[in-house]
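If you count the sequence shown from 1, you need to add 256 to reach our numbering. Using N, Cα and C, we set each Cβ at its ideal position, and we do this for glycine too.
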Amino acid sequence: MSTVFQARGGQLPPEATSFVGRRRMSAEVKKRLSRSRLVTLTGPPGVGKTRLALHVARGVRRAFPDGVWLVELAQLQDSAMLVSAVTAALEVPDLSAGEPLTALVEFLADKRLLIVLDNCEHVLGAAGSVVSALLGSARGVRVAFPSF
């Protein structure tokens, strides 16, 4: 199991190597995150969208007292399990009472956090619904979304 950065809430995998270059791109993503609640990083597979999103997330974590969180969905097979996957990644306490998405939104309603939602192209419809619900009701939540 890899080491995970945890401080002030949140979890991000450690940077395996130094991050060289892309200073301008990093600054632009930070600026957009300060102005927008949803930032999408686009480009072909393998260009480093996720790495850039995680690098920026590490750099802005002080702005998010409830943490910066990576929600990795590459292994998710069933879009019906998306809310459970997000809940698990955010280490949300048991929300078994009521509808899962409603319970998640209510839990996050007063939180200030950043979610890096990665590898969800295969469950895009469900991811869009979850992100829409979170951004519509949890005003302190921001989402960075690396996508092709």
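Which of helix, strand or coil does DSSP assign to residue i?
| i | result |
| --- | --- |
| Q262 | Because Q262 carries a pLDDT of 41, less than 50, the predicted location of this residue cannot be relied on, and the following value inherits that uncertainty. Q262 falls in the coil class under three-state DSSP. |
| M257 | Reliability of the predicted coordinates at M257 is poor, the pLDDT of 33 falling under 50, and the value obtained from them is presented with this limitation in mind. Residue state, collapsed to three classes: coil. |
| P270 | coil |
| A283 | helix |
| A353 | coil |
| R398 | strand |
| E347 | coil |
| L406 | The displayed coordinates of the chain run from 257 to 404. Any statement about residue 406 would go beyond what the structure contains. |
| G332 | In the sequence as displayed, the identity of residue 332 is Leu instead of Gly. In the structure shown, L332 sits in coil (DSSP, three-state: anything other than H, G, I, E or B). |
| V327 | strand |
| A319 | helix |
| R288 | helix |
| V276 | coil |
Hey, would you say residue i sits closer than 8 Å to residue j, going by beta carbons?
| i | j | result |
| --- | --- | --- |
| L360 | L294 | no |
| E306 | D374 | The identity of residue 306 in the sequence shown is Thr, whereas the question assumes Glu. In contact: T306 and D374 (Cβ atoms closer than 8 Å). |
| F320 | L370 | yes |
| L289 | V324 | no |
| A336 | L364 | no |
| V285 | L268 | no |
| V316 | A345 | no |
| V386 | L357 | yes |
If you follow the beta strand (DSSP E) that residue i is in, where does it begin and where does it stop?
| i | result |
| --- | --- |
| L297 | L294 to T298 |
| L364 | Here L364 belongs to no beta strand (DSSP E); instead the alpha helix (DSSP H) covers P356 to L364. |
Along the alpha helix (DSSP H) that carries residue i, what are the first and last residues, could you check?
| i | result |
| --- | --- |
| R307 | K305 to V316 |
| G392 | L380 to S393 |
Tell me residue i's beta-bridge partners as DSSP assigns them.
| i | result |
| --- | --- |
| T403 | For the sequence presented, residue 403 should be read as Ser rather than Thr. The partner list for S403 (beta bridge, DSSP) reads T298. |
(Q) If contact is defined by three or more beta carbon pairs under 8 Å, each pair taking one atom from either stretch, is the stretch 285-302 in contact with the stretch 336-353? (A) These segments do not touch.
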